[in-house]
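Novice: Residue numbers (UniProt numbering): 1 to 765. The beta-carbon is built from N, C-alpha and C at its ideal position, and this holds for glycine as well.
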DNA sequence: TATCTACGCC
């Protein structure tokens, strides 16, 4: 359970006496240790024996015994260099165990006692801070070397770069450090590049990672299993699974065989890309190859089954894992809690939450986030409040993710005002909202039932004192939250619990609030929070929920001030512009193509929905066909099957028209249609609510409306079927073509590019 | 000369 891997000791300089002492140290208590050390003092052979002892105790998590040995060894040693060696080792060992404060203590003592001012001690401390994510501290130590007359060496730079990776420093800044390293005449080695690759992997910068890999080859630096695994991680995190697969396949040709880490990385990559079959196939391959499973690989696969709601298989993995001597840890529980929570199995969530505590597996921030989020999303605010209270009691500190999850839950439930109160509260607690937080808020507009604009024109968050919160105080509902528990979050939860999920407020719809998004956007701008493609999708989705074309177009028009390309395209397509807008749109689509598949499909779904909603159906179809051409949705159609399960309702409808026109052209070219034709809508696993089936209903009414002869398959609720001859007959009817061809409500008639688009549509079809 | 590198859960 160390933070880091144990440092494998290839050091054989120690004597067999040291091994004997290690065994005695392990089997004796703290007090016995002193006796053992004293009695073996004359036999142990200097620093090598002592560092061996420290390292091995550290590898077994016995850091207190290691410190005792260290202090003993330093006291008996008179030579500064030898003391320095002991100190550097001790700092490294404590760093690996995540005991940064202790490591820092050893370092400072060593400095004052005159044996700590070495590049080794500094490097070890940088690494210790880095490993625990204290990047600022790590950099401070690095900078302080110059004042102490020390010159960073290769290992120091490697440690700093590694710390940057773990601390989430931007790639650009790390490259500056790398450049400084080169300028100082320090030549990078394999570990330097591996650490640089790790920086890329965090941000999913797969192209930068590939360039680094080429640079390694260019410099004649050999690759190792770390290089490949880190590169793969970057490529996987960048969502490029096909490329990752190719890279993995080339490993054996370099005599580097994929190991358990390689497989875990790939399996998780496939899972994150939604390619669960590929993920599970790799898992089977790994087992078939006899690669031993570790804690991480078990948890990776378990989380897949949990996410898919395949709990029997998830529990099988648990049993297999425990059978091989690995107990369920906090990650295992978190995955199960998330899985059961997603399916609304609250009883299981509560049972597991209690079980883990009984098993002495301490819930962590993620556990609480999950459990609170699950209950909030389900509208069970009282339970959420109780778990939040427990979370506060155990002394954990909320982070931006927890708050964002809460805010998202409230927004999804249409309670944007409460969400903004939480936003206020987190800011007061000194937690900076990020783009995810704001995306949730934006997504809430049009979803909520409240009419007040919670952001004023200047973009400031208004003071919110809702009627109901004063009501709560009067009724004393927040009574449980007294006794010095002055927590706004708990008060809001209490209020929501009392309102039974705010149902009362949900139904009163006021004026369109969509223009509030401008204020939110302005606020993001002020806080220097950069909107991303999800922000864009959220805005488009808000437009799709807005009844007023004028408000929606005004919003998009105004947003062009912030980003003319993105909002120019959305606004232009909405207004029925074509030629120039379509050229701009192409470069936007190019950018989206670089993103992972679910983000990209969400973008296409949102844009199409918005256009469809405002009657720009042909425009919607152009976008959806562009998405198909760029393979945003995998295997959308063949002559016999149309798969809509990853699409939104607008995208799906535009696609149904396109597909039917496509098979119509097959018929009119004189070819026969396949015997069986299917349209798949899925059963809603990709919708917000599992099993919702909204897409199926939408497609059903579209097909019925056109008189298309498809029927729901008897054995599969997410599948419409028909036969080739029946559909052929319908397509040949005189009125069918007119039904299938889509039109825009608005077109910019002066646009000379219209004909070009018609051609494009014909071509694509 | 002691110091440095990969995978999972919100």
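#1: Are the beta-carbon atoms belonging to residue 372 and residue 361 less than 7 Å from one another?
#2: Would you kindly work out how many angstroms separate the C-alpha atoms of residue 116 and residue 259, rounded to a whole number?
#3: Quick check on the burial criterion: 16 or more other C-beta atoms within 10 angstroms. Buried or exposed for residue 182?
#4: Hey, is the segment 526-538 in contact with the segment 409-420, meaning 3+ C-beta pairs nearer than 8 Å?
#5: In angstroms, rounded to a whole number, what distance separates the CA positions of residue 579 and residue 540?
#6: Going by other Cβ atoms of all chains shown within 10 Å of its Cβ, with 16 needed for buried, is residue 301 buried or exposed?
#7: Taking 7 Å as the limit between beta carbons, can you name the residues of its chain near residue 194, skipping five residues before and five after?
#8: Which residue marks the beginning of the beta strand (DSSP E) containing residue 721, and which one marks its end?
#9: Are residue 377 and residue 335 touching if we call contact CB-CB under 7 Å?
#10: Using 8 Å for Cβ pairs, my map puts residue 171 next to residue 133. What's the rounded Cβ distance?
#11: Suppose you measure from the CA of residue 784 to the CA of residue 322; what does that come to, to the nearest Å?
#12: Within the continuous alpha helix (DSSP H) that includes residue 679, where are the two ends?
#13: If you scan the UniProt repeat "PPR" (329-363) from start to end, which runs of the beta strand (DSSP E) of 3 or more residues do you find wholly inside it?
#14: Taking the beta strand (DSSP E) that residue 380 belongs to, which residues open and close that run?
#15: With C-beta atoms as the reference, is residue 572 less than 7 Å away from residue 581?
#16: Output the boundary residues of the beta strand (DSSP E) element that contains residue 643.
#17: Nearest-angstrom Cα distance between residue 76 and residue 147?
#18: Residues in the same chain with beta-carbon distance under 6 Å from residue 314, minus the five sequence neighbours each way, listed in chain order, please.
#19: Run the CB neighbour count on residue 277, radius 10 Å, all protein chains shown included, and call it buried at 16 or more, exposed below.
#20: Touch check for the segment 594-603 and the segment 551-560: three-plus C-beta pairs under 8 Å?
#21: When burial is assigned at 16 or more other CB atoms within 10 Å of the CB, is residue 467 buried or exposed?
#22: Quick check on the DSSP output: what are the complete alpha helix (DSSP H) runs of length 4 or more inside the segment 71-156, in order along the chain?
#23: Rounded to the nearest angstrom, what separates residue 425 and residue 433 at their Cα positions?
#24: Check residue 612 in the structure and name its three-state DSSP category.
#25: Are three or more beta carbon pairs between the segment 621-635 and the segment 666-685 nearer than 8 Å?
#26: From what residue to what residue does the alpha helix (DSSP H) around residue 242 run?
#27: Please look up how many angstroms separate the CB atoms of residue 542 and residue 445, rounded, as I've assumed it's under 8 Å.
#28: Quick one, are the C-beta atoms of residue 264 and residue 235 less than 7 Å apart?
#29: Can you give me the C-alpha to C-alpha distance between residue 481 and residue 497, rounded to a whole angstrom?
#30: Among 252, 239 and 245, whose alpha-carbon lies nearest the alpha-carbon of residue 273?
#31: What residues match up with residue 711 in a beta bridge as DSSP calls it?
#32: Tell me whether residue 633 sits in a helix, a strand or coil according to DSSP, three-state version.
#33: Three Cβ pairs or more, each shorter than 8 Å: is that satisfied between the segment 93-101 and the segment 120-129?
#34: Is residue 485 buried or exposed, if buried means 16 or more other CB atoms sit within 10 Å of its CB?
#35: Rounded to whole angstroms, how far is the Cβ of residue 746 from the Cβ of residue 576, which I believe are closer than 8 Å?
#36: Nearest-angstrom Cα distance between residue 499 and residue 407?
Specialist: On the basis of the supplied data:
#1: Position 372 of the first chain, counted from the first residue, corresponds to residue 372. Position 361 of the first chain, counted from the first residue, corresponds to residue 361. No; because the gap between Cβ atoms is not below 7 Å, this pair is not in contact.
#2: By 1-based counting over the first chain, the position of residue 116 is 116. By 1-based counting over the first chain, the position of residue 259 is 259. Straight-line Cα distance between these residues: approximately 39 Å.
#3: In the first chain, counting from the first residue as 1, residue 182 sits at position 182. By the neighbour-count rule (16 or more Cβ atoms within 10 Å), residue 182 is not buried but exposed.
#4: no
#5: By one-based count along the first chain, residue 579 stands at place 579. By one-based count along the first chain, residue 540 stands at place 540. Computed Cα separation, rounded: 21 Å.
#6: Reading the first chain from its first residue, position 301 is the one you call residue 301. The residue is buried, with at least 16 neighbouring Cβ atoms inside 10 Å.
#7: The count along the first chain starts at 1 and reaches residue 194 at position 194. Hits under 7 Å: 226, 227 and 230.
#8: By one-based count along the first chain, residue 721 stands at place 721. That run of the beta strand (DSSP E) goes 719-723.
#9: In the first chain, counting from the first residue as 1, residue 377 sits at position 377. In the first chain, counting from the first residue as 1, residue 335 sits at position 335. Result no, Cβ atoms of residue 377 and residue 335 do not sit closer than 7 Å.
#10: The residue you call residue 171 lines up with position 171 of the first chain. The residue you call residue 133 lines up with position 133 of the first chain. No, residue 171 and residue 133 are not in contact; Cβ-Cβ is about 17 Å, not under 8 Å.
#11: Since the first residue of the chain shown is 1 and the last is 765, residue 784 is not available in this structure.
#12: Residue numbering aside, residue 679 sits at position 679 when the first chain is read from its first letter. Looking at the DSSP string, residue 679 is not in any alpha helix (DSSP H); the run it does join, the beta strand (DSSP E), is 676-680.
#13: none
#14: Counting from 1 along the first chain, the entry for residue 380 is found at position 380. Residue 380 -> no beta strand (DSSP E), and no H or E assigned at all.
#15: For this step, residue 572 is matched to residue 572 along the first chain. For this step, residue 581 is matched to residue 581 along the first chain. Contact: yes.
#16: As a working note, residue 643 is residue 643 in the first chain. That run of the beta strand (DSSP E) goes 641-643.
#17: Within the first chain, numbered from 1, the residue matching residue 76 stands at position 76. Within the first chain, numbered from 1, the residue matching residue 147 stands at position 147. Distance between the alpha carbons of residue 76 and residue 147: 30 Å.
#18: Indexing the first chain from 1 puts residue 314 at position 314. Taken in chain order, the residues that qualify are 302, 305 and 306.
#19: Reading the first chain from its first residue, position 277 is the one you call residue 277. Exposed, because fewer than 16 other Cβ atoms sit within 10 Å of the Cβ of residue 277.
#20: no
#21: As a first step, residue 467 must be located in the first chain, where it is residue number 467. Any answer about residue 467 is weak, because its pLDDT of 36 lies below 50 and its placement is not dependable; what the coordinates show is given next. Burial call: exposed.
#22: 80-96, 100-112, 119-131 and 135-147
#23: Translated into the one-based positions of the first chain, residue 425 becomes position 425. Translated into the one-based positions of the first chain, residue 433 becomes position 433. If I take the Cα positions, the gap works out to 11 Å.
#24: As a position in the first chain, residue 612 is number 612, starting the count at 1. Helix.
#25: no
#26: Sequence index remark: in the first chain, residue 242 carries index 242 (1-based). Start and end: 241-250.
#27: What you label residue 542 is simply residue 542 of the first chain in a count that begins at 1. What you label residue 445 is simply residue 445 of the first chain in a count that begins at 1. Yes, residue 542 and residue 445 are in contact; Cβ-Cβ is about 5 Å, under 8 Å.
#28: The residue given as residue 264 occupies position 264 in the first chain. The residue given as residue 235 occupies position 235 in the first chain. Against a cut-off of 7 Å, the Cβ pair of residue 235 and residue 264 comes out as no contact.
#29: Working through the first chain from its first residue, we reach residue 481 at position 481. Working through the first chain from its first residue, we reach residue 497 at position 497. Bear in mind that the predicted position of residue 481 carries a pLDDT of just 40, short of 50, making it too unreliable to give a figure here.
#30: One-based indexing of the first chain puts residue 273 at position 273. It is 239.
#31: The residue given as residue 711 occupies position 711 in the first chain. For residue 711, which the question treats as bridged, DSSP gives the partners 721.
#32: One-based indexing of the first chain puts residue 633 at position 633. If DSSP states are grouped into helix, strand and coil, residue 633 belongs with coil.
#33: yes
#34: The count along the first chain starts at 1 and reaches residue 485 at position 485. Only weak support is given to the placement of residue 485: the predicted model assigns it a pLDDT of 49, under 50, and the question is left unresolved by the model.
#35: Position 746 of the first chain, counting from 1, holds the residue named residue 746. Position 576 of the first chain, counting from 1, holds the residue named residue 576. Contact flag correct, Cβ pair sits at about 4 Å.
#36: Here residue 499 is taken as the residue at index 499 of the first chain, counted from 1. Here residue 407 is taken as the residue at index 407 of the first chain, counted from 1. Whole-angstrom Cα-Cα distance: 17 Å.
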